[in-house]
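In our numbering, the protein residues as written are 366 to 959. Glycine included, every Cβ here is placed at the ideal spot set by N, Cα and C. Input: a single structure, listed below in structure tokens.
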Amino acid sequence: MCGIVGCVLKNDKVAPILLDSISKLEYRGYDSVGLATAFDGKINLKKDEGQIKKVDDKLNLADMPGNYGIAHVRWATHGDPSRENSHPHLNSSCTIAVVHNGIIENYLAIKEDLQAEGYEFKSGTDTEVIPHLLDKFIGEGLDLEKAVRKVIGVIEGAYAIAAICVDEPNKVVATRKDSPLIVGIGEDEYFVASDSPAILKYTNNIAYLEEGEIVILTEDGVTFKDANDKVMKKDIDVLDWSPEMAEKEGYDHFMIKEINEQDAAIRNTLGEKDKIKDIVDEVKETINRVVFVACGTSYHASLTGKYLIESLVGIPTEVLLASEFKYSAKALNDQTLVIFISQSGETADTLKALDAANETSKTLAIVNVRGSSATRKADYVIQTQAGPEIGVAATKTYVSQLIAIYLFSALLADDADLLKRLEKVPDYIDEVLKKQGIIREISNNYKRDKDAFFIGRGFSYPIALEGALKLKEISYIHAEGYAAGELKHGPIALIDKNIPVVVVVPPGQDHNKIMSNLQEVKARGADVLGIGAIGDKDLIKESDNVFLINSEVDDILAPLVYIVPLQLLSYHVSVLRELDPDKPKNLAKCVTVE
């Protein structure tokens with residue numbers, strides 16, 4: 366959940382680059398920020414709670430000497446957000462600094478042992494045991510690299526760690542287990558980072574660190590060592606993402622920028638059709654069951670996949686939450702295709718489930734981040750082409766996941782008509798984006814609400830779930846998505862004049878039934894926002910507010926297009942409530958802890 370960066374430069378001052386790089390990872394956590402550099406035998410440390418800009422305004426983070434150092438943004442797990450709990454953490458003599466992403470599960474036992482030996486702790490974090498362990502092992506005669514190796518033999522849990530020591534100038538040592546860490550190789554500048562946006566400005570030459578491997582950055586280059594301490598060579602991946610992709614480019618927030626990039630994201634992902642067809646051709650004769658495994662927004666994309674595969678192909682399909690997967694794992698077999706969906710490819714629950722599924726079944730990962738852990742673990746990979754997504758709330762990665770699922774399903778069904786219709790989806794989205802002013806005006810009606818319902822049927826049900834999730838994520842309005850037919854089984858008791866209801870009503874087989882559900886909530890005083898097709902006179906008549914979409918977008922295509930006005934609704938409500946839609950409280954972009 367946290368973000369880390371380490372850097373060694375040949376000649377330049379490192380603090381400004383660390384600050385710039387860690388700022389690109391603020392989507393991974395923004396409870397606190399800290400930088401540590403080393404110069405003239407001394408660790409220089411600046412850190413505090415709060416978002417980067419606030420802390421930088423107070424501390425001038427870039428104003429530190431030294432050509433090597435580490436940086437961190439935090440999403441709190443152990444210890445509340447505070448200066449004491451923010452990273453980097455130091456040893457008692459302030460000669461070692463460490464940043465860490467993950468959770469050390471046995472830290473309490475280690476802490477008690479270290480305290481018995483006289484080590485003093487200043488924070489409530491699990492991370493602080495690491496610099497003290499390094500201090501102990503270096504005091505026993507080990508160098509920093511060997512001390513790091515010994516530390517990872519002691520600690521248990523998930524971690525990406527980067528460390529510096531003033532006694533070994535111009536060196537950063539880093540390692541990982543169950544938390545992502547990449548290595549960037551530039552000209553006279555070398556990096557480790559939690560994710561590539563941090564370093565795209567400086568290099569797009571990336572290597573991926575595997576579990577138990579150690580990387581040593583120095584002024585002269587990068588050395589990789591495997592789990593047995595043997596020097597190894599790594600393949601270098603040249604990313605085709607540009608630095609500009611991770612910038613706002615004139616938009617007020619990343620979220621609205623990324624909403625506006627969705628037509629392009631779908632066009633780019635449609636270009637993966639031939640690769641997806643190769644996967645389908647290889648698996649279609651050997652599977653009689655499909656299981657989707659995902660979390661959050663990716664779970665909603667998976668529900669759409671269930672409707673598609675069962676309605677188009679007739680193959681039984683289930684959708685499981687990754688965190689609940691272990692309770693169903695024994696039902697898998699070699700005729701089950703398990704599809705894992707994760708924007709980052711580093712979601713901890715999803716990776717744990719992927720490891721389990723690989724023991725019995727064919728696995729397919731649908732991910733946006735090239736080289737991520739999921740891409741290296743799964744039998745097959747569909748790479749969505751959304752580009753880097755910085756806003757915490759998934760938007761363009763969601764529709765990219767959906768289009769990948771649609772392509773897979775249409776190819777599995779050999780449905781040429783659906784494949785042809787998918788080509789027009791970017792144009793439909795572009796039409797919606799051109800009418801953003803309408804949603805902005807509608808949003809004014811809902812900015813003060815405390816609760817909301819979203820309802821749909823069939824393919825519209827996952828849209829309702831995702832629309833509700835977006836509203837609660839970034840506006841903090843309690844919102845629930847429901848299958849419209851379920852209202853009568855309890856939830857309708859909550860409906861009154863104070864509860865707005867968003868009704869997703871595309872043309873198709875369920876249109877009339879959803880309109881009946883609309884009447885039910887209308888009769889109980891609800892304010893109704895209808896999302897439907899141009900020319901739908903009944904919807905226009907019965908809704909208090911309405912947003913209309915090209916009538917060619919029927920219920921089958923609706924999940925790809927009808928979600929866009931709901932994303933815009935949540936964004937504008939958040940802005941009207943004077944919140945930051947890019948950095949919703951308590952959330953982070955990449956969930957790397959279980």
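Neighbourhood of residue i by C-beta, 8 Å cutoff - its chain only, sequence neighbours within 5 removed
i	result
Ile899	Leu913, Ile914, Asn915 and Ser916
Glu614	Lys622
Leu499	Asn456, Ile461, Val463, Leu509, Ala512, Val513, Val516, Ala528 and Cys530
Gly636	Gln750
Ile503	Ile461, Leu509, Ala512, Cys530 and Asp532
Thr682	Arg654, Val655, Val656, Phe657, Gly670, Lys671, Ile674 and Glu675
Asn882	Ile820, Arg822, Ala849, Gly850, Leu852 and Val868
Ser451	Asp396, Ser397, Val398, Gly399, Lys412, Asp413, Glu414, His437 and Arg439
Lys1033	The requested residue 1033 is not part of the displayed model; the chain covers only 366 to 959.
Simplified DSSP state of residue i, which is helix, strand or coil
i	result
Asp528	Note on residue identity: the sequence assigns Ala, not Asp, to residue 528. Strand.
Met620	helix
Gly756	coil
Ala743	coil
Lys598	coil
Leu374	strand
Gln700	coil
Asn915	coil
His465	strand
Ala441	coil
His454	strand
Leu546	coil
Phe773	helix
Glu683	strand
Asp628	helix
Gly710	coil
Phe819	strand
Pro946	coil
Tyr966	Because residue 966 is not part of the residues shown, which for the chain are 366 to 959, the question remains open.
Val420	helix
Asn877	helix
Gly890	coil
Pro960	A question about residue 960 goes unanswered here, because the residues of the chain that appear run from 366 up to 959.
Gln750	coil
Ala427	coil
Gly636	coil
Residues near residue i in its chain [Cβ-Cβ closer than 7 Å; skip 5 each side]
i	result
Lys599	Ala572 and Phe589
Val734	Ser709 and Gly710
Thr651	Gln700
Leu922	Arg786 and Val790
Ala759	Thr662 and Gln708
Lys835	Ala758, Leu931, Gln932 and Ser935
Residue span of the alpha helix (DSSP H) that contains residue i, given as start and end
i	result
Leu933	Ile928 to Leu941
Leu479	Tyr472 to Ala481
Gly802	Gln801 to Ser808
Pro791	Val790 to Leu798
Asp782	Ala781 to Leu787
Sequence-distant residues of the same chain with beta carbon closer than 6 Å to residue i, five excluded per side
i	result
Gly406	Val531
Tyr826	Ala848
Phe657	Ser667, Gly670, Val684 and Ile704
Leu673	Ser774
Ile579	Thr540 and Lys590
Phe486	Glu493
Thr762	Gln708, Asn733, Ala751 and Glu754
Leu952	Val757
Ala694	Ala721
Gly846	Phe819, Ala829, Leu830 and Ala833
Endpoints, beta strand (DSSP E) assigned at residue i
i	result
Glu831	Taken as a continuous stretch (DSSP letters only), Glu831 belongs to no beta strand (DSSP E), being part of the alpha helix (DSSP H) at Ser825 to Ser840.
Arg541	Lys536 to Lys542
Arg654	Arg654 to Ala659
Tyr847	His843 to Ala848
Phe502	Phe502 -> not in any beta strand (DSSP E); alpha helix (DSSP H) instead, spanning Val494 to Gly504.
Leu729	Lys727 to Val732
Please determine if the segment 526-535 and the segment 396-405 are in contact, where contact requires at least 3 C-beta pairs separated by less than 8 Å. yes
Which ranges would you report for the alpha helix (DSSP H) in the segment 372-409 if only whole runs of at least 4 residues count? 380-388
Please confirm if the segment 884-903 is in contact with the segment 718-728, defined as three or more CB-CB distances below 8 Å between the two stretches. no
Quick check for students: name the residue ranges of the beta strand (DSSP E) that lie wholly in the segment 549-610, counting only runs of 3 or more. 554-558, 570-573, 579-583 and 586-590
Three or more beta-carbon pairs under 8 Å between the segment 518-525 and the segment 462-481, yes or no? yes
Taking three-plus beta-carbon pairs below 8 Å as touching, is the segment 936-945 in contact with the segment 611-628? yes
Using 8 Å as the cut-off, can you tell me whether the segment 782-798 makes contact with the segment 645-663, which would need three or more C-beta pairs spanning the two stretches below that distance? no
Taking 8 Å as the threshold, find out whether the segment 368-376 comes into contact with the segment 431-441 through three or more Cβ pairs. yes
Determine contact between the segment 901-908 and the segment 796-806, defined as no fewer than three beta-carbon pairs at a distance below 8 Å. no
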